[in-house]
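*Asks:* Here's a structure for you.
Numbering (full-length UniProt numbering), first residue to last: 1 to 214.
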């Protein structure tokens, strides 16, 4: 089979999915997604007194939750999204590395708060989880992904089933749904909530809590 060197954007505008990307029928979204389950990953208001308890419960039950009133200003989020769109509109020759330092500062604060809540939920000292994963040496990575419209979304998966090898993944979604999580053997869509951030419990927390949070 000849290798396909088209970019994602070129494939998006072509109108037809190359056969090597088409999933087998039992693996296609229409077959695997648990329709109308009525179940949704919990949404947690970070300003509520019980947010730590709810976060711990969600981490144990779902391994995923959304947070609102998280203290990341809407203007900072909008600017990051604007920069992201502008980056992916550049030609490959023009692309350069850009970072949004203000957004990263908010992520450092939010990550610290969530580690503290999860530590307390496990009966540990507030700083236990953060220290276990490196303390001041903890590395935060920021990625920007672009997923253009797919001409035949019923035939493919943007990203195959996987887990993340880090501690926590914090996603800033746009208005287009697509993220799915598995619970009790079934796949569920994560609903889009304006202003919310999606938090996923990743492999290192799963391993360190001996699957208590997963």
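Even glycine gets a Cβ: it sits at the ideal position worked out from N, Cα and C. All of these numbers come straight from a predicted model, not from anything done at the bench.
1) Taking the alpha helix (DSSP H) that residue 120 belongs to, which residues open and close that run?
2) Quick check: what's the CA-CA separation for residue 2 versus residue 73?
3) Roughly how many angstroms separate the alpha carbons of residue 164 and residue 63, rounded to a whole number?
4) I want to know whether the stretch 110–117 touches the stretch 50–61 - three or more CB-CB distances under 8 Å.
5) Among the residues of its own chain, which have a CB less than 8 Å from the CB of residue 166, if the five just before and after it don't count?
6) How far does the beta strand (DSSP E) with residue 56 in it reach, from first residue to last?
7) For the beta strand (DSSP E) holding residue 171, just list the boundary residues, first then last.
8) What does the Cβ neighbour count give for residue 41, buried or exposed, with the cut at 16 atoms within 10 Å?
9) Distance, Cα to Cα, residue 147 vs residue 158?
10) What are the partner residues of residue 136, as DSSP defines its beta bridges?
11) Going by DSSP, what residue range makes up the beta strand (DSSP E) through residue 197?
*Replies:* Judging by the given coordinates:
1) Numbered from 1 along the chain shown, position 120 holds the residue referred to as residue 120. Here the alpha helix (DSSP H) through residue 120 covers 101–121.
2) Taking the chain shown and counting its residues from 1, the one referred to as residue 2 is at position 2. Taking the chain shown and counting its residues from 1, the one referred to as residue 73 is at position 73. Because residue 2 sits at a pLDDT of 45, beneath the cut-off of 50, its placement in the model cannot be relied upon, and the following sentence gives the value as read from the coordinates. Each residue's alpha carbon lies about 47 Å from the other.
3) Taking the chain shown and counting its residues from 1, one reaches residue 164 at position 164. Taking the chain shown and counting its residues from 1, one reaches residue 63 at position 63. One C-alpha to the other measures close to 12 Å.
4) yes
5) Indexing the chain shown from 1 puts residue 166 at position 166. Taken in chain order, the residues that qualify are 141, 202, 203 and 204.
6) Here the question's residue 56 lines up with position 56 in the chain shown. Counting along the chain, residue 56 falls outside any beta strand (DSSP E), though it belongs to the alpha helix (DSSP H) covering 51–61.
7) By 1-based counting over the chain shown, the position of residue 171 is 171. For residue 171, the enclosing beta strand (DSSP E) covers residues 168–171.
8) As a first step, residue 41 must be located in the chain shown, where it is residue number 41. Residue 41 comes out buried.
9) Taking the first residue of the chain shown as 1, we reach residue 147 at position 147. Taking the first residue of the chain shown as 1, we reach residue 158 at position 158. Approximately 8 Å between the Cα atoms of the pair.
10) The count along the chain shown starts at 1 and reaches residue 136 at position 136. Bridge partners of residue 136: none, in fact.
11) Residue mapping note: residue 197 aligns to position 197 of the chain shown, counting from 1. Its beta strand (DSSP E) spans residues 197–201.
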